[in-house]
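Let me begin by presenting the structure, written as structure tokens, before commenting on it.
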Amino acid sequence: AGGHVVVVGGGYGGATVSKYLRMWSNGSVNVTLIERNTDFISCPISNLVIGGVKEMKDITVSYDNLKSKWGVRVLTDEVVGLDPAKRTVTTAKNGVITYDRVVLSPGIDFMFGAIEGLAGNEALIPHAWKAGPQTALLRQQLQDMKDGGVFAIQIPKAPYRCPPGPYERACVVANYLRQAKPKSKVLVLDANGEIQSKKPLFTKAFESYKGMIEYRPNSEIRSVDAKSRTAELEFDKVQADVLNIIPPMRAGDIATRSGLPLVNDRWVDIDWLTYEAKGVPGVHVIGDALFPAPTMPKSGHMANQHGKVVAAAIINLLAGEPPNPNPVVMNTCYSFVDAKNVIHVASVHQYDAEKKQPMPVAGAGGVSVAANEIEGKYALAWAQNIWADMLA
Ligand code: FAD
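For the sequence shown, full-length UniProt numbering begins at 33 and goes up steadily by one.
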């Protein structure tokens, strides 16, 4: 097909689209992937690092195969500007780069300002909602916590990255504390009115910790005193020993400040056949940054699927052909409820030509009957397989 595609962000979406563009075009499309981090570090499985079951090295994968095996030009750099009219991106270190098409998969950025006192205090109050130093920091804080301490986690209002992720975190932290510091407590402060994913299964999992986990719905933190780790809610005040606030979030900065159409000022509005931002030809957006179709989660699995749909669409478009009129994507999210037992939720989403967006396929998905160890093995295999699919 020929042409040059720039990919911004080498996470679940960006790494996938880079590899598949090279693979499916038999190397005829040139791909430049620009990622600010030197290695890929996975959010999926990072809760197990926080819970002391896995280590940082277990969730870290290099970009070497993308370079040497697939011929992707990988730049460790930051994209600071996008000009859709000139078809250029501006980088911090490598100047201005021109493209025929650009794919943005920048993930999310946080709205720290939504909670008074939070901005600039990430070292005291980690979010650990981007894997890396924040993951290691939250793990360290839990290790340093006294027996009898309180770990409090704030879940932002939906939509946010990984609907089941915070509940999984509460469970694996409780699993660690149950063994290492059994007098401690896990307080789940949910800004939502109820558990956002696999509710009956997580309710059961919380109960299995016999009072160690306390779940509080409609509990949105308004302000925080970082030094004393005190959070103010509407009617309540909570003092914690480890305070893990996942702030409200929106599409990654490069997507929100480049003049693309946004829904609720947060997520990019796209055309679901090409994943181009509506009215902005040549700028494709995938992964957590886009405004999701009905029931479509913000997940790594989903970002990987978006990456494949867009790789196929771009190869067609570069060859002057229309994109596939009927793309299908699917998702599976596994959640650990302790070190070994896992629950899943799965769904399939098929493009609906009338609604002009993917719709969930009735009867195609489902959830686990109960937490079990076999799915624990599947969950770890899922991670190895998707990392290989993206990066090997
Ligand atoms: P990311 O994977 O975050 O990739 C974005 C990349 O872009 C980053 O590497 C970032 O450094 C880079 N970047 C951003 N802006 C720039 C710029 N301007 N210049 C250069 N680089 C830039 N999903 C699942 O499917 N299953 C799970 O079990 C699961 N568990 C999770 C557990 C936790 C604790 C968390 C936090 C998330 C979990 N997720 C899970 C969700 C999953 O991590 C995200 O949905 C997924 O990472 C989204 O992919 P993405 O490509 O949109 O963003």
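Quick reminder that beta carbons are idealized off the backbone N, C-alpha and C, glycines included.
For clarity, every value in this text was computed on a predicted model and none was experimentally measured.
Check: Quick check: what's the CA-CA separation for G59 versus I277?; Outcome: 43 angstroms
Check: Considering Cα atoms alone, identify which of G139, P357, D141, D109 is closest to I129.; Outcome: D109
Check: Would you check if the distance between the CB atom of L170 and the CB atom of V274 is smaller than 9 angstroms?; Outcome: yes
Check: Who does A283 pair with in a DSSP beta bridge?; Outcome: I140
Check: If we ignore side chains and look at the alpha-carbon of each, how far apart do K162 and P188 end up?; Outcome: 15 angstroms
Check: Which class does I82 belong to by DSSP, given the choice of helix, strand or coil?; Outcome: helix
Check: Less than 9 angstroms between the beta carbons of I346 and L107, yes or no?; Outcome: no
Check: Using only the alpha-carbon positions, how far apart do D176 and L350 sit?; Outcome: 54 angstroms
Check: When the distance is taken between beta carbons, is V112 closer than 9 angstroms to H316?; Outcome: no
Check: Could you tell me whether the Cβ atoms of C203 and S367 are closer together than 9 angstroms?; Outcome: yes
Check: Could you name each continuous alpha helix (DSSP H) segment of 4 residues or more that falls completely within the region 147 to 188, going from the start of the chain to the end?; Outcome: 165 to 176
Check: Could you tell me the alpha carbon to alpha carbon distance between F144 and P280, rounded to whole angstroms?; Outcome: 7 angstroms
Check: Exposed or buried, which one is N373 when buried takes at least 16 other CB atoms within 10 Å?; Outcome: buried
Check: Let me know the secondary structure DSSP gives P232 once reduced to three states.; Outcome: helix
Check: For H159, which residues of its own chain have a beta-carbon under 8 angstroms away from its beta-carbon, when the five flanking residues on both sides are left out?; Outcome: F142, Q166, N276, I277, I278, P279
Check: Taking Q271 and R282 to be in contact with their CB atoms under 8 angstroms, please state how far apart those CB atoms are, rounded to whole angstroms.; Outcome: Actually they do not touch by this definition, with Cβ atoms about 29 angstroms apart.
Check: Any chance the CB of Y307 is under 8 angstroms from a heavy atom of the ligand FAD?; Outcome: no
Check: Compare the Cα-Cα distances from A206 to each of V220, R193, P196 and report the closest residue.; Outcome: V220
Check: Heavy atom of the ligand FAD less than 8 angstroms from the Cβ of R171, yes or no?; Outcome: no
Check: What did DSSP end up calling residue 12 once you bin it into helix, strand or coil?; Outcome: With the chain represented from 33 up to 424, any question about residue 12 goes unanswered, as that position is not in the structure.
Check: What separation, rounded to the nearest whole angstrom, lies between the Cα atoms of Q172 and G83?; Outcome: 10 angstroms
Check: For A223, which of L265, L174, E200, T364 has the nearest alpha-carbon?; Outcome: L265
Check: Beta carbon of W299: closer than 8 angstroms to some heavy atom of the ligand FAD?; Outcome: no
Check: Report whether the distance from the Cβ of H316 to the nearest heavy atom of the ligand FAD is below 8 angstroms.; Outcome: no
Check: How is the alpha helix (DSSP H) around V204 delimited, first residue to last?; Outcome: 197 to 212
Check: Please work out which residues of its chain come closer than 7 angstroms, Cβ to Cβ, to K99, disregarding the five sequence neighbours upstream and downstream, and give them in chain order.; Outcome: V106
Check: Quick one: does the C-beta of residue 436 sit closer than 8 angstroms to a heavy atom of the ligand FAD?; Outcome: Absent from the model: residue 436. The displayed extent of the chain is 33 to 424, so no value can be given.
Check: Please list the terminal residues of the continuous beta strand (DSSP E) segment that includes S379.; Outcome: 374 to 384
Check: Taking the alpha helix (DSSP H) that N348 belongs to, which residues open and close that run?; Outcome: 332 to 350
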